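Protein chains in written order, with our numbering: chain U, 4 to 137; chain F, 4 to 137; chain C, 4 to 137; chain P, 4 to 137. Glycine residues also receive a C-beta, built at the ideal position from the N, C-alpha and C atoms. What you are looking at is a predicted structure, and each value in this text was computed from that prediction instead of being measured. Before any comments, here is the structure.
Protein chains: 4
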Amino acid sequence: MSYARQMLDTYPRTLNVDAGLLAAAIDALSDCAQACNADNAADLGEHNVTEMVTCIRLCLDCADICTATAGVTSRQTEYHADVNRPLLEACVAICRSCGDECERHARMHEHCRVCAEACRRCEQACGELLAVVK
Amino acid sequence: MSYARQMLDTYPRTLNVDAGLLAAAIDALSDCAQACNADNAADLGEHNVTEMVTCIRLCLDCADICTATAGVTSRQTEYHADVNRPLLEACVAICRSCGDECERHARMHEHCRVCAEACRRCEQACGELLAVVK
Amino acid sequence: MSYARQMLDTYPRTLNVDAGLLAAAIDALSDCAQACNADNAADLGEHNVTEMVTCIRLCLDCADICTATAGVTSRQTEYHADVNRPLLEACVAICRSCGDECERHARMHEHCRVCAEACRRCEQACGELLAVVK
Amino acid sequence: MSYARQMLDTYPRTLNVDAGLLAAAIDALSDCAQACNADNAADLGEHNVTEMVTCIRLCLDCADICTATAGVTSRQTEYHADVNRPLLEACVAICRSCGDECERHARMHEHCRVCAEACRRCEQACGELLAVVK
Numbered sequence: 004m005s006y007a008r009q010m011l012d013t014y015p016r017t018l019n020v021d022a023g024l025l026a027a028a029i030d031a032l033s034d035c036a037q038a039c040n041a042d043n044a045a046d047l048g049e050h051n052v053t054e055m056v057t058c059i060r061l062c063l064d065c066a067d068i069c070t071a072t073a074g075v076t077s078r079q080t081e082y083h084a085d086v087n088r089p090l091l092e093a094c095v096a097i098c099r100s101c102g103d104e105c106e107r108h109a110r111m112h113e114h115c116r117v118c119a120e121a122c123r124r125c126e127q128a129c130g131e132l133l134a135v136v137k
Numbered sequence: 004m005s006y007a008r009q010m011l012d013t014y015p016r017t018l019n020v021d022a023g024l025l026a027a028a029i030d031a032l033s034d035c036a037q038a039c040n041a042d043n044a045a046d047l048g049e050h051n052v053t054e055m056v057t058c059i060r061l062c063l064d065c066a067d068i069c070t071a072t073a074g075v076t077s078r079q080t081e082y083h084a085d086v087n088r089p090l091l092e093a094c095v096a097i098c099r100s101c102g103d104e105c106e107r108h109a110r111m112h113e114h115c116r117v118c119a120e121a122c123r124r125c126e127q128a129c130g131e132l133l134a135v136v137k
Numbered sequence: 004m005s006y007a008r009q010m011l012d013t014y015p016r017t018l019n020v021d022a023g024l025l026a027a028a029i030d031a032l033s034d035c036a037q038a039c040n041a042d043n044a045a046d047l048g049e050h051n052v053t054e055m056v057t058c059i060r061l062c063l064d065c066a067d068i069c070t071a072t073a074g075v076t077s078r079q080t081e082y083h084a085d086v087n088r089p090l091l092e093a094c095v096a097i098c099r100s101c102g103d104e105c106e107r108h109a110r111m112h113e114h115c116r117v118c119a120e121a122c123r124r125c126e127q128a129c130g131e132l133l134a135v136v137k
Numbered sequence: 004m005s006y007a008r009q010m011l012d013t014y015p016r017t018l019n020v021d022a023g024l025l026a027a028a029i030d031a032l033s034d035c036a037q038a039c040n041a042d043n044a045a046d047l048g049e050h051n052v053t054e055m056v057t058c059i060r061l062c063l064d065c066a067d068i069c070t071a072t073a074g075v076t077s078r079q080t081e082y083h084a085d086v087n088r089p090l091l092e093a094c095v096a097i098c099r100s101c102g103d104e105c106e107r108h109a110r111m112h113e114h115c116r117v118c119a120e121a122c123r124r125c126e127q128a129c130g131e132l133l134a135v136v137k
């Protein structure tokens, strides 16, 4: 069981959302941030770095947004729709863009294939959370 | 002149926004993140820490979101409305909530008065950026 | 297999360290940052928050340092001992302090027990990495 | 007066260091993180991006370490030499490396000249703090 789930099981939350769904989102956000950091590092080591510039930028944006969303989502005991909704929307959007770009390089670079997978899973998990919160 | 403005003046951007407006937002985001980090540290040192819990949480959320938005906004040479708009919206919303909460403690705690000021300036600067980007 | 390990297997590194050891450190750093973020959030929700102030502060410091170390460690294709050694040392030290403090609250608060475990594992993994790098 | 200095003036600290020195370090760390984020973004937009790879990587490391050090330094009311000393040492080392690399590109790229300046100022401010803390 992930730390996120273990943590959520130990303290009361006012966010009326299934703990499994919430923990899945926090884990996916944390994994996606890590994958994006590793992928942009790997991109910077490729011979065709000029072709990887868009991928590097999107990975940096995606890591930044996922890190912030993981923090805010872990912290929430009160739910502020006007903050959480657009933040999750920004997260879904950057995971989609970054996942699409990584997928374009997936056959050439295995690290981009792995990163695309992390982005897809995060897009999915944040989308599911967005669907149940008001 | 701030580093943000000096930087923006040295490289081409596709984001068709006045450099002064963009630099003001990046500076305000960076200052607000710093003020929120310092304020939650100061809150933790107060005798009435129990009454400061909401303020601490909002400062942590605000620092996380402002840091991510500063990164994404600094990095942008391409503008993705589906990412940037909701991210700026989340930022405006958390700066407003955090600024309101800090203001409630402003007479008691000078550090909250300073943080409220940083939040208001950031809310304003991000709001102005949001108004001109599509 | 973790993303960190999959990533390390896909690109050349100049850091002449066993990939398993490096991936274990990156995973432990990322997990520890996540656990510390969740634990300080949980601490802030406890009735005896005044007694949790040191724990909250150490968790915030630990999350900050682990996040930076995870980034630098993921990114390294060149190894700079004058940066990496003290950074890993700072990380081992904060994980020890934070783990000790969390352990003091472990019987009262399950979330602190979980966080202490994450800190111990990270202290161990970074210590092992420190032992093999020059 | 910067937010860091205003904040430090409003709450008691156990770190027995001149507030001006501490505030100068926090401001320099925050500015350096911002400059490094902006500089790697600018590097990614240059035609000779292949020659900028080392600069991009060092800027990313420098931003990560400065951000963590700014957080820990802002937060401190208790001073832990075993954490703060190596963290400041890592910061001085990465600011020196990143400043050196940026300086190599300063005549070609104005954004690297600005970033080198921010790195030098941060190296200096953290070095001065390191000299007075035990």
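Within this structure, are the beta carbons of residue i and residue j separated by less than 9 Å?
i	j	result
Asp42 (chain C)	Met10 (chain U)	yes
Arg116 (chain C)	Glu126 (chain C)	no
Thr76 (chain U)	Ala45 (chain C)	no
Asp30 (chain C)	Ser5 (chain C)	yes
Asn40 (chain U)	Ala73 (chain U)	no
Ala26 (chain C)	Ala121 (chain C)	no
Ala128 (chain U)	Ala28 (chain U)	yes
Ile97 (chain F)	His83 (chain U)	yes
Arg78 (chain U)	Leu32 (chain C)	no
Leu118 (chain P)	Cys101 (chain P)	The displayed chain sequence assigns Cys, not Leu, to residue 118 (chain P). Yes.
Leu24 (chain P)	Val135 (chain P)	yes
Thr70 (chain U)	Thr53 (chain C)	no
Leu133 (chain P)	Arg99 (chain P)	no
Ile68 (chain F)	Leu90 (chain U)	yes
Asp34 (chain F)	Arg124 (chain F)	yes
Does any C-beta atom of chain P lie closer than 9 Å to the C-beta of residue i?
i	result
His108 (chain C)	no
Val75 (chain C)	yes
Counting only beta-carbon separations shorter than 9 Å, does residue i have a partner in chain C?
i	result
Arg78 (chain P)	yes
Cys118 (chain U)	yes
Thr70 (chain P)	yes
Report yes or no: is there a C-beta of chain F within less than 9 Å of the C-beta of residue i?
i	result
Gly130 (chain U)	no
Met10 (chain P)	yes
Glu104 (chain P)	no
Does residue i get closer than 9 Å to chain U when you measure Cβ to Cβ?
i	result
Val136 (chain C)	no
Glu126 (chain C)	no
Shorter than 9 Å from the beta carbon of residue i to some beta carbon of chain A?
i	result
Thr72 (chain P)	Absent from the structure is chain A; the protein chains it does hold are U, F, C and P.
Q. Can you list, in chain order, the stretches of the alpha helix (DSSP H) that have 4 or more residues and sit fully within the region 54-97 of chain C?
A. 56-78
Q | Residues of the region 80-99 of chain F whose Cβ lies closer than 7 Å to any Cβ of chain U, in chain order | A | His83, Asp85, Val86, Pro89, Leu90, Glu92, Ala93, Ala96 and Ile97
Q: Identify each residue in the region 20-51 of chain F for which the Cβ-Cβ distance to at least one residue of chain C is less than 7 Å, and report them in chain order.
A: Leu47
**Q.** Residues of the region 52-68 of chain P with Cβ closer than 7 Å to any Cβ of chain U, in chain order
**A.** Val52, Thr53, Val56, Ile59 and Arg60
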